[in-house]
Amino acid sequence: MKDVTVVVGAGGIGQAIARRISHDRQILVANHTQESADAAAKVLEFAGFDVTAMKADISDRAAVQAVVAEAQDLGPIKALVQAAGVSPSQAPIEQILKVDLFGTAILLEEFSKVIAPGGAGVVISSQSGYRMPALTADQDALLATAPAEDLLELNFVQGVKDTLHAYQMSKRCNSLRVRGEAINWAKRNARVNANSPGIIVTPLAHDELYGERADFYQTMLKKMPAGRAGTPDEVAALAAHIMGPEGGFITGSDFLIDGGATANFFYGPDS
């Protein structure tokens, strides 16, 4: 029985990470629709991997538990890649919060119970979480440690103003959540971290670059110090390092990989 990599949201970044870390492993792909899961599985199969595909709505705890059960049937779960999410141009406020914030919290809670010793998880968050004004220490603590079912009831979460604010709140929660969950994952001798990408060449980024906030994102792309968008493989290289043996001392952390866009936002000539 092979070790298992679980990839939730196997788009460009999720697939790239899976390829980096899943040599001689079984991959379980869980996407929002069976059609997209099957499509991702076919790409990975053509790259030489053994893949199982299933449908899962991560905003539903029972659906997440079904992913856990399927993964356990396949073998010891050595890796969780949480790359599922919706962007401000793709969904209304409620859905963004349910998927990106609540759904991520559920995944981290449920997989903390079953991750194999020596295993690792990574959440694909976003640079956007760094652009929202600072919260209080108590609010940070709630985002990091409150039971998942309580998160959407927090007054400052319910007070988000628009889809961008909802996305920023969700990604701030992702960044803090891995810090809180690192304590629970350590009980199974496992680690969990987050990566916060900037503009990476994916369908989600395309929706932002050419959606209702196109001018904002196009300007960001032109002004960031790196001078270009990133690639899924660059995010995957960072994730593989963090999840692998050379990252064994890293847990409860979030890593910006945004071409300097956040640095420019706070300290660039137009800040």
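Under the working numbering, the residue at position 74 of the sequence shown is numbered 59, and the numbers go up by one with no gaps.
Beta carbons: idealized from backbone N, C-alpha and C, even for Gly.
- Put simply, of ILE100, ILE78, ALA76, VAL108 the residue whose alpha carbon is nearest the alpha carbon of THR89 is VAL108.
- Non-local beta-carbon contacts of LYS63 in its own chain, meaning distances under 6 Å to residues more than five positions away in sequence, involve ASP(-12), ALA101, GLY104 in chain order.
- Assignment of MET39 by DSSP, reduced to helix, strand and coil, places it in the strand class.
- In the DSSP assignment, ASP123 falls outside any beta strand (DSSP E) and within the unbroken alpha helix (DSSP H) covering 122 to 130.
- With a contact defined as Cβ atoms closer than 8 Å, LEU223 and ILE242 qualify at about 5 Å.
- For PRO182, the number of other beta carbons within 10 angstroms of its own is at least 16, and it is reported as buried.
- Within the model, the alpha-carbon separation for ALA131 versus GLY114 is close to 18 Å.
- If you keep only unbroken alpha helix (DSSP H) runs of at least 4 residues inside the segment 217 to 247, you get 217 to 228.
- Three or more beta-carbon pairs separated by less than 8 Å link the segment 208 to 218 to the segment -5 to 8, which places the two stretches in contact.
- Between ALA167 and ARG176, the CB-CB gap stays under 9 Å.
- Judged by DSSP secondary structure, LYS208 falls within the alpha helix (DSSP H) whose first and last residues are 199 to 208.
- Partner residues in a beta bridge of ASN169, as assigned by DSSP, do not exist.
- Residue pairing by DSSP places SER72 in no beta bridge whatsoever.
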